Structures are given as C-alpha cells and as structure tokens.
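**Q**
Numbering (the working numbering), first residue to last: 10 to 203.
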C-alpha cells in the first residue's frame, strides 16, 4: 500500500509498530522509504514503536554479538540521525513475553512545557532500543522525550541520557521514535520491572 496507493494525502499519522524491522527494509527500501520521507517532509507525522524506532533511525544495532539475533545496518529513513541500539534490557525472545517488563521512564518535562505530565511512568518494554547519544543531536532538531531510569544493558553513548523516546522536526513534519511501548497501558501481567 505504501508503494502503490495514494495514501499520503489522507494520512494523519503513519505508525510503524514493533516486531522486527528487517521486513520493513525488504519491502520498503528504495521507493517505499522515499514516499515515507516525502510524506514527513511535506507535513506528515511518523510514529515508530520499538521496531518502528529502530527502522526510523539512521543505524540499527540489535543484539550485536548474538549469532542468532544480530541485526546491524543502515536504515534509509534516518529520522533519528544516529544509532538505535538494543536490546536496552536483556532477556528478549521473539514472539514471546519472556523478556517483557515494565520499564521506568523519566520524562523530559521541558519537552512538555505548559502540559501537566508526570515526571516518570512505567511502560511496556519488550526488545526496544536506546537512541545513542540523542542529546548530542539537539542542533539537528532532536529532542529527548523520555529516558530509561535504570542503566541499560547496552551502551547508550557518552552523554548519559539513555534516551527511550525522541522527537524530531523534519521539514514541515515530524517523527517520534520510541524503544518501549507507551501505547500499551496494561502492565499487570508483567513479572517485574527492568
């Protein structure tokens, strides 16, 4: 549909969910990603959860060193101009809740000036990444929306933010990318926090 249909004129928000981003690459590299980029630059909005966050970054580094799960490579959209590295917390198992947990996120309240929002909250987490050195990309329009409260199991870079969710203005549009799943509100089934 992204490649063949005239969706951009009526689309209010393009959402890329979790799962795995290699399928997105296989289908959308080239023409599909060009259409997505044009849509955003002309005023559209992109929201990437977990795999959608990896996919919307310039580079994906997933489970580096794990021969069965490692995924490393450039991504064409590059809405986040750096690396999304994961898993932020150990234990991820594809198509399973075995590694899922409630991640404590610290909200960057300055990004929400004038809005009454909590300073922290728990979010469903299952394999998402860290936006490496996100604070260093401020001059390129990147705003950190939330950071993981606990140390992550992968290197989040030199600036110490452990960015879990970022926003970036892109042309006339914007992108929000997240490692965790803040859209998922029921956390009672999770065994613990990460």
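We put the beta carbon where it would ideally sit given N, CA and C, even for glycine. Note that the structure is a prediction, hence the values are computed from the model and not measured.
1. What separation, rounded to the nearest whole angstrom, lies between the Cα atoms of residue 171 and residue 139?
2. Apart from the five residues on each side of it in sequence, which residues of its chain come closer than 8 Å, Cβ to Cβ, to residue 75?
3. Would you kindly report the start and end of the unbroken beta strand (DSSP E) that includes residue 152?
4. If you scan the region 45–96 from start to end, which runs of the alpha helix (DSSP H) of 4 or more residues do you find wholly inside it?
5. Just tell me which of 91, 11 and 99 has its CA closest to the CA of residue 38.
6. Between the Cα of residue 48 and those of 143, 21, 201 and 136, spot the shortest distance and give me the residue it belongs to.
7. Between residue 161 and residue 98, is the Cβ-Cβ spacing less than 9 Å?
8. Can you give me the C-alpha to C-alpha distance between residue 121 and residue 179, rounded to a whole angstrom?
9. With the cut-off set at 9 Å, would you say residue 85 and residue 54 are in Cβ contact?
10. From residue 115 to residue 158, what distance separates their C-alpha atoms?
11. Residue 164: which of 142, 202 and 130 sits nearest, CA to CA?
12. Which two residues bound the contiguous beta strand (DSSP E) that contains residue 177?
13. With distances taken Cα to Cα, identify the nearest neighbour of residue 148 among 126, 125, 26 and 177.
14. Hey, residue 107 and residue 199: beta-carbon distance below 9 Å or not?
15. Less than 7 Å between C-beta atoms, sequence neighbours within five positions excluded: which residues of the same chain meet that for residue 181?
**A** Checking against the coordinates, here is how it stands:
1. Mapped onto the chain shown, residue 171 falls at position 162. Mapped onto the chain shown, residue 139 falls at position 130. Between the C-alpha atoms of residue 171 and residue 139 there is a straight-line separation of about 6 Å.
2. Position 66 of the chain shown, counted from the start, is the residue given in the question as residue 75. The answer is none, since no qualifying residue turns up.
3. By 1-based counting over the chain shown, the position of residue 152 is 143. Its beta strand (DSSP E) spans residues 151–157.
4. Runs of the alpha helix (DSSP H) inside the region 45–96: 60–64.
5. As a working note, residue 38 is residue 29 in the chain shown. For residue 38, the closest of 91, 11 and 99 by C-alpha to C-alpha distance is 11.
6. For the purposes of this step, residue 48 is taken as the residue at position 39 of the chain shown. Per the Cα distances, 21.
7. Stepping through the chain shown from its first residue, residue 161 is reached at position 152. Stepping through the chain shown from its first residue, residue 98 is reached at position 89. Yes. Within cutoff.
8. Against the chain shown, residue 121 aligns to sequence position 112. Against the chain shown, residue 179 aligns to sequence position 170. Distance between the alpha carbons of residue 121 and residue 179 is about 19 Å.
9. The residue given as residue 85 occupies position 76 in the chain shown. The residue given as residue 54 occupies position 45 in the chain shown. Contact annotation: residue 85 and residue 54 have beta-carbon atoms that are not nearer than 9 Å.
10. If you number the chain shown from 1, residue 115 lands on position 106. If you number the chain shown from 1, residue 158 lands on position 149. Distance between the alpha carbons of residue 115 and residue 158 is about 6 Å.
11. Looking up residue 164 in the chain shown gives position 155. For the residues 142, 202 and 130, the minimum Cα distance to residue 164 belongs to 142.
12. For the purposes of this step, residue 177 is taken as residue 168 along the chain shown, with counting starting at 1. Residues 172–179.
13. As a working note, residue 148 is residue 139 in the chain shown. The shortest C-alpha separation from residue 148 is found at 177.
14. What you label residue 107 is simply residue 98 of the chain shown in a count that begins at 1. What you label residue 199 is simply residue 190 of the chain shown in a count that begins at 1. 9 Å or more divides the Cβ of residue 107 from the Cβ of residue 199.
15. As a first step, residue 181 is located in the chain shown; it is residue number 172 there, counting from the start. Excluding sequence neighbours, residue 181 sits near 50, 51 and 52.
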